[in-house]
């Protein structure tokens, strides 16, 4: 892998680790800032809201900045947000810090995908972008369990410090290995936001947003669910998260070719199977082996596989073939699933322990973006078929 692509993959690794490791450390964070676990879940929403706001705004503001310089600025903001998270003395400042850390998320993926596609010949652009998103896949298998284990052993602040170090290393790698590229000749933020008014695009995004909320109602509180309901020791949850990450990776490898061959059947089937796995988890959560099997199957259909971006690209194929901005809109919608999802956890009396949210059973979500789908946008070939 070229060093420039490795630097971009490291950025994706850091983003995936900071986003998902937070969910594995909610009990420690709640104790550290003196709030309940349901209240601590609001920092997941804060990060998600930061992504939604930052993706179109920062990409629009940076439309006339050279791509390498924009990547460096966004990576610096990512580091600052995670350092602020580690140093936050109370819940209010931690909420603000997580919002700040989420701001560069979507823009980094969008601009990074454009840069990756330009590092190679046009016919290899899809493979290059998939290499960048490989960092996100590895984060789910290695980064999230490692960050969770570090936070459980040394304290949750150390997990954010570790992510900040990853961000600094990625920043240095970007500066050293990514070549200068000319800025895009594209409109500013108004052009970015205007596309959101298209009915077909709004429908595709709504499918992803509504579905994601149901899935993340479970994933945001997976560690409390495993410890309070399944009976796992807190230290054992790290390898469960790794198992789940492996399921997500398998889903990405399998679902990618399927969506290319048969979009609608894969989309409908993926939604149905993920919804079914969430319902099944409600009944298997109290038994160790059935719960693990269900989680692995849930990971197979979870947001690392290609379907939701295809939800967005499906209408785009017909209505927005000339949209040439970096693909920040789909990445910015993935975390909106976490805003309603993390808030869906109902408050419980002290000592009562958590219970599975109703939204787990009522909102079957789709899964997330495929690197190959992203690549087809950034390579200038139009939305995927």
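Numbering (the UniProt record's numbering), first residue to last: 1 to 385. Cβ atoms here follow ideal geometry from the backbone N, Cα and C, with glycine treated the same way.
- In this structure, residue 101 and residue 75 do not form a Cβ contact; the two beta carbons are roughly 12 Å apart against a cut-off of 8 Å.
- Taking a 10 Å sphere around the C-beta of residue 287, we find fewer than 16 other C-beta atoms and assign the residue as exposed.
- At the C-beta level, residue 135 and residue 9 come within 9 Å of one another.
- Secondary structure at residue 232: coil, using DSSP grouped into helix, strand and coil.
- By alpha-carbon distance to residue 180, the top candidate from 50, 60, 70, 297 is 70.
- Cβ-Cβ separation between residue 226 and residue 238: approximately 11 Å, too far for a contact (criterion under 8 Å).
- Selection 115, 4, 11 evaluated against residue 65 yields 115 as nearest (Cα-Cα).
- The DSSP-derived three-state label of residue 141 is helix.
- Between the stretch 159-167 and the stretch 140-149, the count of Cβ pairs shorter than 8 Å is three or higher; the stretches touch.
- Pairing residue 47 with residue 22 gives a Cβ-Cβ distance under 9 Å.
- When C-alpha distances from residue 168 are compared across 281, 63, 6, 14, the shortest belongs to 14.
- In this structure residue 278 is in contact with residue 215, their Cβ atoms being roughly 7 Å apart against a cut-off of 8 Å.
- The alpha-carbon separation between residue 199 and residue 208 amounts to approximately 14 Å.
- Classified as buried, residue 19 has 16 or more neighbouring CB atoms from the shown chains inside 10 Å of its CB.
- Ranked by how close their Cα comes to the Cα of residue 133, the residues 204, 112, 264, 78 have 112 in first place.
- CA-to-CA, the gap between residue 205 and residue 107 works out to about 17 Å.
- Looking from the CA of residue 152, the closest CA among 91, 233, 243 belongs to 233.
- Residue nearest to residue 41 within the set 53, 56, 289, 95 is 95 (criterion: CA-CA distance).
- Setting aside the 5 residues that flank it on each side, residue 285 is surrounded in the same chain by 225, 229, 230, 291, 356, each with a C-beta closer than 7 Å to its C-beta; the list follows chain order.
- DSSP places residue 175 in the helix class (H, G or I) of the three-state scheme.
- The three-state secondary structure of residue 219, taken from DSSP, is helix.
- Residue 77 and residue 123 have their C-alpha atoms spaced approximately 33 Å apart.
- Taking the Cα positions, residue 295 is about 26 Å away from residue 155.
- Here the alpha carbon of residue 261 sits roughly 32 Å from the alpha carbon of residue 240.
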